[in-house]
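Residue numbers (the UniProt record's numbering): 1 to 117.
Below is the structure:
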C-alpha cells in the first residue's frame, strides 16, 4: 500500500472515530504512545483517551483541508493534517493542525500510533 493511501485511510478513520466515539480511539494507541497537547504530555492509551474525552465539547465535526505524509526512519511515517473543527453552537469553526507518527508500518498498511502532537 502506498504512503498516501495509508495516510488517507488513517486520517479518515481517526477523525471519523474522534467525531463519533472518542473512547474508541484507545485501540489505536500503545502504552508507549505519547500525546502532546497545549504543552502537556499524556502517555499511554488510557491517559490519552482520558484527555481526549475530557475536552470541553462532546460533539464536533472535523473538516480536513490537507493531509501530507512523509516516510520516517525504519517503517515509520509522519502524517500532517490541517483543517477546521466545527463545534455545535459555535458560529465559526476552529482551525486545527495535528502531526501523527505512525510507527511499525506493515506491508498491508497496518501500523501503531506512536506519537500524536
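Virtual Cβ for every residue (Gly too), placed ideally from N, Cα, C.
Nothing here was measured: the structure is a model prediction, and the numbers come from that model.
- If you draw a straight line from the Cα of residue 53 to the Cα of residue 20, it comes to about 11 Å.
- Rounded to the nearest angstrom, the gap between the Cα atoms of residue 98 and residue 41 is 15 Å.
- When DSSP states are grouped into helix, strand and coil, residue 63 belongs to the strand group.
- When secondary structure is reduced to three states using DSSP, residue 84 falls in the strand class.
- A direct Cα-Cα distance of roughly 7 Å separates residue 25 from residue 49.
- Classified as exposed, residue 2 has fewer than 16 neighbouring CB atoms from the shown chains inside 10 Å of its CB.
- Using a Cβ distance threshold of 8 Å, residue 55 and residue 69 do not count as a contacting pair.
- Put simply, of 35, 80 and 86 the residue whose alpha carbon is nearest the alpha carbon of residue 67 is 80.
- Annotation for residue 60: 18, 19, 85, 86, 87 and 88 place their beta carbon closer than 8 Å to its own, counting only its chain and skipping 5 residues before and after.
- In the DSSP annotation of this structure, residue 18 is not part of any beta strand (DSSP E); the continuous alpha helix (DSSP H) holding it starts and ends at 3–20.
- Rounded to whole angstroms, residue 104 and residue 9 show a C-alpha spacing of 16 Å.
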